[in-house]
Amino acid sequence: DPWYFNALVHFLESKLKMNSHKLLLALLGVLAIIQFVLAEDQEGFISLDCGLSAIEPSYTESTTGLKFSSDAKFVEGGKSGRIQKDLEANTFKPYATLRYFPSGIQNCYDLNTTQETRYLVRAVFFYG
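This is the structure we're talking about:
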């Protein structure tokens, strides 16, 4: 174990007046709570896989645990595509499909919103 781990355990034992078994149980409890919070559903959030066909089912990405679904019902126009097959194995699954817009000056996604509500939108773009 790294020296700082032992120092932390010693500090917690002395300050919290816990023996090692009780401290271990407390730490396991905290870890269980953290895992529970991280495993919560994505209510109020959407994760779109741009270019995923509308007929393909939603999926949970194994690394992040995020549930991705097709962007087809949020956009009009554009074309769907996939990256090269030989690159798919080493690619984050949502990045294996793509939507591109070969024509038009402006292309938009249509997301329903509620007035006076704040939203966080995160988008990732690749070119080339």
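Numbered according to mature numbering (1 follows the signal peptide of the UniProt record, and there is no 0), the sequence shown spans residues -39 to -1, 1 to 89. Beta carbons: idealized from backbone N, C-alpha and C, even for Gly. All figures in this text were calculated on a predicted structure; none of them were measured in a lab.
Give me the Cα-Cα distance between Ser8 and Ala(-33), rounded to the nearest whole angstrom. As a working note, residue 8 is residue 47 in the sequence shown. As a working note, residue -33 is residue 7 in the sequence shown. Taking the straight line from one Cα to the other gives about 41 Å.
Using DSSP with H/G/I as helix, E/B as strand and the rest coil, what is Leu81? Within the sequence shown, numbered from 1, the residue matching residue 81 stands at position 120. Three-state DSSP puts Leu81 in coil, outside helix and strand.
What span of residues does the beta strand (DSSP E) with Lys34 cover, start to end? Residue numbering aside, residue 34 sits at position 73 when the sequence shown is read from its first letter. Element bounds for Lys34: n/a, residue is neither H nor E.
CB Arg60 to CB Gly26, shorter than 8 Å? Position 99 of the sequence shown, counted from the start, is the residue given in the question as residue 60. Position 65 of the sequence shown, counted from the start, is the residue given in the question as residue 26. No, Cβ-Cβ distance for Arg60 and Gly26 is not below 8 Å.
Consult DSSP for Asp10 and reduce its assignment to one of helix, strand or coil. Counted from its first residue, the sequence shown places residue 10 at position 49. Looking at Asp10 - three-state DSSP - the assignment turns out to be strand.
Separation of Phe62 from Lys54, as counted between CA atoms: Residue mapping note: residue 54 aligns to position 93 of the sequence shown, counting from 1. Residue mapping note: residue 62 aligns to position 101 of the sequence shown, counting from 1. When rounded, the distance between both Cα atoms is 21 Å.
If contacts are defined as beta-carbon pairs under 8 Å, then Ser30 and Ser14 qualify, I think. What distance do you get, rounded to the angstrom? Your numbering for residue 30 matches position 69 in the sequence shown. Your numbering for residue 14 matches position 53 in the sequence shown. Their Cβ separation, rounded to whole angstroms, is 11 Å, which puts Ser30 and Ser14 out of contact at 8 Å.
When burial is assigned at 16 or more other CB atoms within 10 Å of the CB, is Cys11 buried or exposed? Counting from 1 along the sequence shown, the entry for residue 11 is found at position 50. Counting Cβ neighbours within 10 Å, Cys11 comes out buried, since at least 16 surround it.
Per DSSP, which one or two residues make a beta bridge with Leu59? Residue 59 sits at position 98 when you count from the first residue of the sequence shown. Looking at the DSSP assignment, Leu59 forms a beta bridge with Gly42.
Do you know offhand how far Arg83's Cα is from Leu(-12)'s? Counted from its first residue, the sequence shown places residue 83 at position 122. Counted from its first residue, the sequence shown places residue -12 at position 28. Using only the alpha carbons, I get a separation of about 33 Å.
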